[in-house]
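A.B. asks: Chain order of the listed sequences is D and P. Numbered per the numbering used here, the first sequence spans residues 58 to 295. Numbered per the numbering used here, the second sequence spans residues 58 to 295. Virtual Cβ for every residue (Gly too), placed ideally from N, Cα, C. Pasting a structure here, questions to come.
There are 2 protein chains.
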Amino acid sequence: MTLIENTPSSLDPTIEDRSMAIRESLRNAIIDRRLAPGTKLSEAEVGALFDVSRTVARAALQMLTFEGLVKTERNRGAFVSNPSPEEARQIFASRRLIEPGIVAAAVDRITSDDIARFREQLVEEERYMNERGPAARRAEIKASGDFHLMLASVAGNAILQRFMDELVARSSLVIALYGRSGVSSCGHSEHFAILDLIERGDAKRAAALMLHHIDHIEADLDLQPKQGVALKDALAIS
Amino acid sequence: MTLIENTPSSLDPTIEDRSMAIRESLRNAIIDRRLAPGTKLSEAEVGALFDVSRTVARAALQMLTFEGLVKTERNRGAFVSNPSPEEARQIFASRRLIEPGIVAAAVDRITSDDIARFREQLVEEERYMNERGPAARRAEIKASGDFHLMLASVAGNAILQRFMDELVARSSLVIALYGRSGVSSCGHSEHFAILDLIERGDAKRAAALMLHHIDHIEADLDLQPKQGVALKDALAIS
DNA sequence: CCCATTCAGATTGCATACAATTTGGACAGG
DNA sequence: CCTGTCCAAATTGTATGCAATCTGAATGGG
């Protein structure tokens with residue numbers, strides 16, 4: 058019996074669906090800020106870019122719309138989300154609610170292997186911090202978010218992990234729009250401190266520091282309505 | 058200038074999309090237990106039922122898949138979700154994390170108008186409780202979930218509200234599969250008690266009671282793997 | 001009698017064609 | 001010059017057709 062299943066490129070097991078692959082690709086482009094908020098994502102254009110029909114491109118855009126990374130207006134098309142200050146506040150309020158619990162769950166489940174992987178990740182994060190240039194900045198933002206996602210993964214709750222996927226991605230958009238300094242420099246050392254507390258099994262302090270950390274991230278934002286956005290929203294409301 | 062927009066049936070403003078309407082309809086059928094877990098939802102069948110093409114039906118099923126109410130297997134089709142005991146535990150763990158925070162937020166924002174609406178809702182819930190028959194049971198389950206959703210709506214965070222939409226709907230599926238007594242009778246009185254504490258502004262006790270309430274709901278479950286499900290999962294893993 | 005193979009029917013995955021809607025500009029009137 | 005109307009190009013919404021895949025029963029061999 059021969060293995061007819063030749064598993065063409067199975068690095069990621071979830072690339073069963075081409076629309077899923079496109080979603081991932083666009084997702085990364087959005088959270089990396091290669092696609093700016095407000096950018097139009099026409100079905101034909103996306104389809105041509107990935108060499109698929111509009112049907113598949115449309116499915117990918119629908120998924121991103123569900124995640125809140127893309128906003129579609131009927132008969133007008135899909136655009137990279139342009140979160141309002143109010144949306145930004147809600148995103149961080151949600152994170153304040155969820156992440157301390159994730160940290161507490163991670164304390165109970167984390168292994169020494171996990172901790173080693175976390176340290177590697179934090180070292181990489183540090184490396185990008187010391188580099189210059191927009192590419193390093195993008196990588197730094199991505200790595201910073203990945204810390205929170207790894208934590209969610211260790212916590213062992215697939216549902217919360219999915220919620221965090223969404224919240225971290227949308228946070229990245231918010232920081233791109235309203236961030237004062239790109240990335241708060243204290244964030245990185247706080248990641249280290251949180252990991253230390255988790256390693257020591259101090260769930261209470263780890264959760265408290267995570268709360269503090271989220272406050273810091275949000276404090277670095279300047280949540281004033283952007284001119285263009287405000288105008289657009291006003292038109293949408295009237 | 059005549060109003061060409063004749064707004065045919067605009068009770069729900071979000072029925073701009075036919076696929077959205079189908080999603081709502083199927084969603085209600087699933088959480089009402091008119092569609093049992095495991096039921097196959099073929100694109101052609103759904104399309105014929107709602108008099109749309111497979112394209113539109115497919116979009117609705119994709120949305121439900123994203124919400125976790127439907128599970129689709131590639132080249133096989135979509136089925137009403139059959140949550141495993143582990144999934145059930147994760148759903149309730151998520152609710153324990155999120156709902157106390159929602160209650161606390163609701164305390165700060167609730168108006169006397171809201172409270173009146175809540176009391177109406179609870180009276181209706183009580184009415185269904187005293188009725189007999191499967192239709193009343195379905196209505197009771199729905200009403201019981203609606204209490205939690207109204208709370209999320211009052212809390213004023215659209216993101217958390219969407220998370221709760223998903224969690225409550227999936228909880229309904231879990232209760233249908235693993236519920237010992239259908240609906241725990243103490244749940245209703247706890248709803249009243251929670252509302253009272255919210256009205257008095259006692260956020261701490263209200264949140265604590267909500268936690269207790271969720272524990273009660275989960276305690277009423279018998280989270281043993283169902284035979285058929287276990288077999289199916291075993292095949293999927295092997 | 002049991003088991004592996006094959007094949008037809010059914011269903012999904014995807015592409016394409018057509019209808020409906022929006023948009024921006026041309027154009028006529030004030 | 002400004003304004004309102006109308007139309008054509010472009011884009012989305014939807015239906016449908018074809019290819020790929022799965023399922024389950026019929027069939028032939030052991």
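1) Enumerate in chain order the residues of its own chain whose CB-to-CB distance from arginine 152 of chain P is below 6 Å, with the five nearest sequence positions on each side excluded.
2) Does valine 109 of chain D come out as helix, strand or coil in the three-state DSSP assignment?
3) Tell me which residues share the same chain as lysine 283 of chain P and place their Cβ nearer than 6 Å to its Cβ, disregarding the 5 neighbours each side in the sequence.
4) Please classify arginine 90 of chain D: is it buried, with 16 or more other beta-carbons within 10 angstroms of its beta-carbon, or exposed?
5) Is leucine 208 of chain D near isoleucine 159 of chain D, with beta carbons less than 7 Å apart?
6) I need the DSSP call for leucine 266 of chain P, collapsed to helix, strand or coil.
7) Is it buried or exposed for asparagine 187 of chain D, if we count other Cβ within 10 angstroms and need 16 for buried?
8) Out of P:Glu275, P:Phe220, P:Gln178, P:Leu254, state which residue places its alpha-carbon closest to the alpha-carbon of arginine 237 of chain P.
9) Three Cβ pairs or more, each shorter than 8 Å: is that satisfied between the stretch 247-260 of chain P and the stretch 104-114 of chain P?
10) CA-CA distance, leucine 234 of chain P and alanine 161 of chain P?
11) Which class does leucine 68 of chain D belong to by DSSP, given the choice of helix, strand or coil?
12) For a test of the three-state rule: what should DSSP assign to threonine 129 of chain D, helix, strand or coil?
13) With 7 Å as the C-beta to C-beta threshold (strictly closer), list the residues of the stretch 125-136 of chain D near chain P in chain order.
14) Could you spell out the range, first to last residue, of the beta strand (DSSP E) harbouring alanine 135 of chain D?
15) Helix, strand or coil: which one does DSSP assign to histidine 273 of chain D?
16) Among residues of its own chain, excluding the 5 on either side of aspartate 222 of chain D, which ones have a beta-carbon nearer than 7 Å to its beta-carbon?
17) Glycine 236 of chain D by DSSP, collapsed to three states: which one?
18) Report the rounded CA-to-CA distance for methionine 267 of chain D versus proline 157 of chain D, giving the unit in angstroms.
19) Does the distance from the CB of serine 229 of chain P to the CB of glycine 202 of chain P come in under 7 Å?
20) Apart from the five residues on each side of it in sequence, which residues of its chain come closer than 6 Å, Cβ to Cβ, to lysine 128 of chain P?
21) Can you give me the Cβ contacts of alanine 263 of chain P inside the same chain, cut-off strictly under 7 Å, excluding the 5 residues immediately before and after it?
22) Taking Cβ positions only, does alanine 234 of chain D come closer than 7 Å to chain P?
23) Assign lysine 283 of chain D to one of three DSSP states: helix, strand, or coil.
24) If contact means a Cβ-Cβ distance below 7 Å, which residues of the stretch 145-173 of chain D contact chain P?
25) Show which residues of chain D have a CB atom less than 7 Å away from the CB atom of isoleucine 216 of chain P.
26) Mind listing the chain D neighbours of alanine 116 of chain P? Cutoff is C-beta to C-beta under 7 Å, in chain order.
27) Between glutamate 73 of chain P and chain D, is there a C-beta pair that is closer than 7 Å?
28) For lysine 199 of chain D and tyrosine 185 of chain D, what's the separation of their Cα atoms in angstroms?
29) Helix, strand or coil, according to DSSP, for serine 82 of chain P in the structure here?
30) Report the partner residues of lysine 199 of chain D according to the DSSP bridge assignment.
31) Out of curiosity, what's the CA-to-CA distance linking isoleucine 232 of chain P and leucine 278 of chain P?
32) Tell me whether leucine 98 of chain P sits in a helix, a strand or coil according to DSSP, three-state version.
33) Rounded to the nearest angstrom, what separates asparagine 132 of chain D and valine 103 of chain D at their Cα positions?
34) For glycine 134 of chain D and leucine 92 of chain D, what's the separation of their Cα atoms in angstroms?
35) Tell me which residues share the same chain as glycine 213 of chain D and place their Cβ nearer than 6 Å to its Cβ, disregarding the 5 neighbours each side in the sequence.
C.D. replies: Here's the rundown:
1) The residue given as residue 152 of chain P occupies position 95 in the second sequence. Hits under 6 Å: Leu224, Ile271.
2) Residue 109 of chain D sits at position 52 when you count from the first residue of the first sequence. Reduced to three states, the DSSP call for valine 109 of chain D is coil.
3) Within the second sequence, the letter at position 226 stands for residue 283 of chain P. For lysine 283 of chain P, where only same-chain residues beyond five positions count, there are no Cβ hits under 6 Å.
4) As a first step, residue 90 of chain D must be located in the first sequence, where it is residue number 33. Result: buried.
5) Counting from one through the first sequence, the residue named residue 208 of chain D turns up at place 151. Counting from one through the first sequence, the residue named residue 159 of chain D turns up at place 102. Contact: yes.
6) Within the second sequence, numbered from 1, the residue matching residue 266 of chain P stands at position 209. Of the three classes helix, strand and coil, the one that applies to leucine 266 of chain P here is helix, per DSSP.
7) Your numbering for residue 187 of chain D matches position 130 in the first sequence. Exposed.
8) For this step, residue 237 of chain P is matched to residue 180 along the second sequence. The shortest Cα separation from arginine 237 of chain P among P:Glu275, P:Phe220, P:Gln178, P:Leu254 belongs to P:Glu275.
9) no
10) Taking the second sequence and counting its residues from 1, the one referred to as residue 234 of chain P is at position 177. Taking the second sequence and counting its residues from 1, the one referred to as residue 161 of chain P is at position 104. Rounded to the nearest whole angstrom, the C-alpha separation of leucine 234 of chain P and alanine 161 of chain P is 31 Å.
11) Start at 1 with the first residue of the first sequence, and residue 68 of chain D comes out as number 11. The predicted model places leucine 68 of chain D with a pLDDT of 41, which falls under 50 and marks its position as unreliable, so this point remains unresolved.
12) The residue given as residue 129 of chain D occupies position 72 in the first sequence. Residue state, collapsed to three classes: strand.
13) Arg131
14) Reading the first sequence from its first residue, position 78 is the one you call residue 135 of chain D. For alanine 135 of chain D, the enclosing beta strand (DSSP E) has its first and last residue at 134-137.
15) Against the first sequence, residue 273 of chain D aligns to sequence position 216. In the structure shown, histidine 273 of chain D sits in a helix (DSSP, three-state: H, G or I).
16) Here residue 222 of chain D refers to the residue found at position 165 when the first sequence is read from its first residue. Taking aspartate 222 of chain D as the centre and dropping the five residues before and after it, the same chain places the C-beta of Leu206 closer than 7 Å to its C-beta, in chain order.
17) Here the question's residue 236 of chain D lines up with position 179 in the first sequence. It is a strand residue.
18) What you label residue 267 of chain D is simply residue 210 of the first sequence in a count that begins at 1. What you label residue 157 of chain D is simply residue 100 of the first sequence in a count that begins at 1. Cα to Cα, the separation comes out at about 6 Å.
19) For the purposes of this step, residue 229 of chain P is taken as residue 172 along the second sequence, with counting starting at 1. For the purposes of this step, residue 202 of chain P is taken as residue 145 along the second sequence, with counting starting at 1. Glycine 202 of chain P sits close to serine 229 of chain P, with the two beta carbons spaced by under 7 Å.
20) Within the second sequence, numbered from 1, the residue matching residue 128 of chain P stands at position 71. Excluding residues within five positions, the ones whose Cβ falls inside 6 Å are Phe136, Ser138.
21) The residue you call residue 263 of chain P lines up with position 206 of the second sequence. Contacts found: Val160, Val164, Ile251, Leu254, Ile255.
22) What you label residue 234 of chain D is simply residue 177 of the first sequence in a count that begins at 1. As written in the sequence, residue 234 of chain D is leucine, which differs from the alanine given in the question. So, not an interface residue.
23) Start at 1 with the first residue of the first sequence, and residue 283 of chain D comes out as number 226. Here lysine 283 of chain D sits in coil by DSSP.
24) Gln147, Ile148, Ala150, Ser151, Leu154, Ile155, Gly158
25) To locate residue 216 of chain P, count along the second sequence from 1; it is residue 159. Per Cβ cutoff of 7 Å: Gln147, Ile148, Ser151.
26) As a working note, residue 116 of chain P is residue 59 in the second sequence. The contacting residues are Gln119.
27) Looking up residue 73 of chain P in the second sequence gives position 16. Answer yes: the Cβ-Cβ gap between glutamate 73 of chain P and chain D drops below 7 Å somewhere.
28) Locating residue 199 of chain D in the first sequence gives position 142, where the first residue counts as 1. Locating residue 185 of chain D in the first sequence gives position 128, where the first residue counts as 1. C-alpha separation (whole angstroms): 10 Å.
29) Residue mapping note: residue 82 of chain P aligns to position 25 of the second sequence, counting from 1. The answer is helix: DSSP assigns serine 82 of chain P an H, G or I state.
30) In the first sequence, the residue the question calls residue 199 of chain D occupies position 142. Paired residues: none, contrary to the question.
31) Start at 1 with the first residue of the second sequence, and residue 232 of chain P comes out as number 175. Start at 1 with the first residue of the second sequence, and residue 278 of chain P comes out as number 221. Going from the Cα of isoleucine 232 of chain P to the Cα of leucine 278 of chain P covers about 7 Å.
32) If you number the second sequence from 1, residue 98 of chain P lands on position 41. Note: leucine 98 of chain P maps to strand in three-state DSSP.
33) Here the question's residue 132 of chain D lines up with position 75 in the first sequence. Here the question's residue 103 of chain D lines up with position 46 in the first sequence. Roughly 17 Å between the two C-alpha positions.
34) As a first step, residue 134 of chain D is located in the first sequence; it is residue number 77 there, counting from the start. As a first step, residue 92 of chain D is located in the first sequence; it is residue number 35 there, counting from the start. Distance between the alpha carbons of glycine 134 of chain D and leucine 92 of chain D is about 16 Å.
35) What you label residue 213 of chain D is simply residue 156 of the first sequence in a count that begins at 1. Arg166.
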